[in-house]
Amino acid sequence: MKASYLNVVKIAGCLALIPLVTPVLMSAQSQDRDRASVSFGLPLLAATNQSVEKDPAAANKVTVDRLFSDVGTARSGERLGAPFLAVEAGVSLARPLRGSSKDILFVSFSAYGSSGTIITIGGATLGIIGSDIDGRAQLVALKGLEEWESLRLHVPYEKYEGKTLASLPVLTVRLDPTTGVFDVYVGTRMIASDLPLAAEDSRQFVITPGSEGAWLNGLVQSDENPLHEDVNRNGIDDAYEVETKGRLLASDAPAAERRELVAKWREGQGKRRSVALFFNRPRPDPR
Numbered sequence: 007m008k009a010s011y012l013n014v015v016k017i018a019g020c021l022a023l024i025p026l027v028t029p030v031l032m033s034a035q036s037q038d039r040d041r042a043s044v045s046f047g048l049p050l051l052a053a054t055n056q057s058v059e060k061d062p063a064a065a066n067k068v069t070v071d072r073l074f075s076d077v078g079t080a081r082s083g084e085r086l087g088a089p090f091l092a093v094e095a096g097v098s099l100a101r102p103l104r105g106s107s108k109d110i111l112f113v114s115f116s117a118y119g120s121s122g123t124i125i126t127i128g129g130a131t132l133g134i135i136g137s138d139i140d141g142r143a144q145l146v147a148l149k150g151l152e153e154w155e156s157l158r159l160h161v162p163y164e165k166y167e168g169k170t171l172a173s174l175p176v177l178t179v180r181l182d183p184t185t186g187v188f189d190v191y192v193g194t195r196m197i198a199s200d201l202p203l204a205a206e207d208s209r210q211f212v213i214t215p216g217s218e219g220a221w222l223n224g225l226v227q228s229d230e231n232p233l234h235e236d237v238n239r240n241g242i243d244d245a246y247e248v249e250t251k252g253r254l255l256a257s258d259a260p261a262a263e264r265r266e267l268v269a270k271w272r273e274g275q276g277k278r279r280s281v282a283l284f285f286n287r288p289r290p291d292p293r
């Protein structure tokens with residue numbers, strides 16, 4: 007499928023041509039094929055591929071993508087035992103998200119992208135663009151129709167099957183339609199909070215590649231926080247809430263109260279080393 011037209015998007019002061027295409031959803035049948043699925047070392051995600059299949063209760067809370075494609079939008083591949091879906095420029099790959107448009111959801115994923123790659127998670131939009139650091143890409147988030155914010159995450163470009171791609175660390179996006187915001191985590195550390203969700207939420211995970219394509223190496227959706235104990239699902243570690251406030255924030259607590267607590271938590275996180283999430287990922291081409 008080729009893009010029928012282009013959309014001019016301003017990213018970090020530069021105009022980028024982003025192909026607008028109609029994404030093709032993977033069928034439920036393709037996701038149920040007998041192919042090894044990918045789950046990450048998410049600290050509180052007890053449901054691995056095996057337990058999701060054997061435990062109905064776990065399956066009701068977690069969806070682990072099998073990285074299988076039976077349509078022309080993506081090519082299923084494997085590199086040194088690490089499965090991936092390769093998406094060429096000019097097309098988009100889409101997966102349906104769990105739940106309804108009003109449900110809080112945690113979406114963890116591993117992706118490789120060339121410059122100009124756009125990743126949309128419900129109403130949250132992230133982008134991969136060139137960095138002012140030579141040979142590196144940076145991650146940005148859309149805050150409005152044309153306003154992008156750098157998330158200060160810079161990763162090197164490397165060659166994968168001859169394509170120049172940036173390998174992002176495991177990212178988790180918390181979607182909160184009830185308050186109209188989303189948060190972004192790298193590993194277990196929150197790097198952005200209270201970014202505005204787009205008014206129109208397609209309730210899909212969509213990768214629109216840049217000029218040299220993109221790879222999806224894993225996608226896990228969870229109704230509950232897979233990174234921290236978080237009974238109220240506000241994205242903050244419960245232990246920190248209790249230590250700081252003596253209680254958990256109520257689900258209807260004022261947004262300003264949560265923002266203040268998040269700011270203090272993130273400041274403390276910045277002084278500690280984040281827990282890295284390890285799993286099998288495709289390696290770059292030999293140099």
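With the working numbering applied, the sequence shown has no gaps in its numbers, which climb one by one up to 293 at the end.
Backbone N, C-alpha and C define an ideal beta-carbon position, used for all residues, glycine too.
Being a predicted model, the structure only gives us computed values, none of them experimental.
Checklist entry - Hey, how far is the Cα of LEU91 from the Cα of LEU171? => result Each residue's CA atom was taken as its position, placing LEU91 and LEU171 some 14 Å apart.
Item to check | Coil, strand or helix - LEU31 by DSSP | outcome: A caution first: LEU31 carries a pLDDT of 41, below 50, which makes its placement in the model unreliable, though a value can still be read off. LEU31 falls in the strand class under three-state DSSP.
Item to check | Cα-Cα separation between ASP294 and PRO162, rounded to whole angstroms | outcome: Any property of residue 294 remains undetermined from this structure, which presents the chain solely from 7 to 293.
Item to check | Candidates SER121, GLY128, VAL70, ALA88, of which the one nearest GLU94 by Cα | outcome: Just measuring C-alpha positions, the residue of SER121, GLY128, VAL70, ALA88 sitting nearest GLU94 is SER121.
Checklist entry - Nearest-angstrom Cα distance between GLY186 and ALA269? => result 18 Å
Next on the checklist: Tell me the residue span of the alpha helix (DSSP H) that contains ARG278.
Outcome noted: Unbroken run through ARG278: none, as it is neither H nor E.
Checklist entry - When you compare only the Cα positions, how much space is there between LEU151 and LEU203? => result 11 Å
Next on the checklist: For a test of your reading of the model: does the CB of PHE285 fall under 7 Å from any non-hydrogen atom of the ligand GDP? Yes or no.
Outcome noted: The model depicted lacks the ligand GDP and carries no ligand whatsoever.
Checklist entry - Which residue comes first and which comes last in the alpha helix (DSSP H) that contains ASP244? => result 244 to 251
Next on the checklist: On the CB-based measure, 16 or more other CB atoms within 10 Å of its CB, does GLY133 come out buried or exposed?
Outcome noted: Burial call: buried.
Next on the checklist: Which of the three DSSP states is assigned to LEU73 in this structure?
Outcome noted: In the structure shown, LEU73 adopts coil according to DSSP, grouped into three states.
Checklist entry - Using the rule of at least 16 other Cβ atoms within 10 Å of the residue's Cβ for burial, across every protein chain shown, is VAL237 buried or exposed? => result When all chains shown are included, VAL237 counts as exposed.
Next on the checklist: Going by DSSP in three states, ALA261 sits in which element: helix, strand or coil?
Outcome noted: helix
Checklist entry - Where does ARG289 sit, in a helix, a strand or coil, going by DSSP? => result coil
Next on the checklist: Assuming ASN223 and ARG287 are in contact, meaning their beta carbons sit under 8 Å apart, how far apart are those beta carbons, in whole angstroms?
Outcome noted: Indeed, because the Cβ distance is near 6 Å, the residues count as touching under 8 Å.
Next on the checklist: Can you list, in chain order, the residues of its chain with a C-beta nearer than 6 Å to that of GLN275? Leave out the 5 residues immediately preceding and following it.
Outcome noted: ARG195
Checklist entry - How close, in whole Å, do the beta carbons of GLU155 and VAL146 come, if the pair is a contact with beta carbons under 8 Å? => result 6 Å
Next on the checklist: Tell me the residue span of the beta strand (DSSP E) that contains VAL113.
Outcome noted: 111 to 119
Checklist entry - Could you give the distance in angstroms between the alpha-carbon of ALA256 and the alpha-carbon of VAL226? => result 27 Å
Checklist entry - Buried or exposed: VAL248, going by 16 or more other Cβ atoms within 10 Å of its Cβ? => result exposed
Checklist entry - Could you give the distance in angstroms between the alpha-carbon of ASP182 and the alpha-carbon of GLU84? => result 34 Å
Next on the checklist: So, at 7 Å on beta carbons, what are the nonlocal neighbours of ARG142 in its own chain, with the 5 sequence-adjacent residues on each side left out?
Outcome noted: Contacts found: HIS160, VAL161, PRO162, TYR163.
Item to check | Where VAL97 sits in the DSSP three-state scheme | outcome: It is coil, neither helix nor strand.
Next on the checklist: Mapping the DSSP letters down to three states, classify ARG209 as helix, strand or coil.
Outcome noted: coil
Checklist entry - Where does THR250 land, buried or exposed, given buried means 16+ other C-beta within 10 angstroms? => result exposed
Checklist entry - Can you name the residues that DSSP bridges to GLN225? => result In the sequence on display, residue 225 carries Leu and not Gln. DSSP, once it has assigned bridges, lists PHE115 as partnering LEU225.
Item to check | Test item: CB-CB of ARG180 and PHE115 under 8 Å | outcome: no
Checklist entry - Below 8 Å between beta carbons: does that hold for GLY341 and GLY119? => result As displayed, the chain neither begins before 7 nor continues past 293, which places residue 341 out of reach and without an answer.
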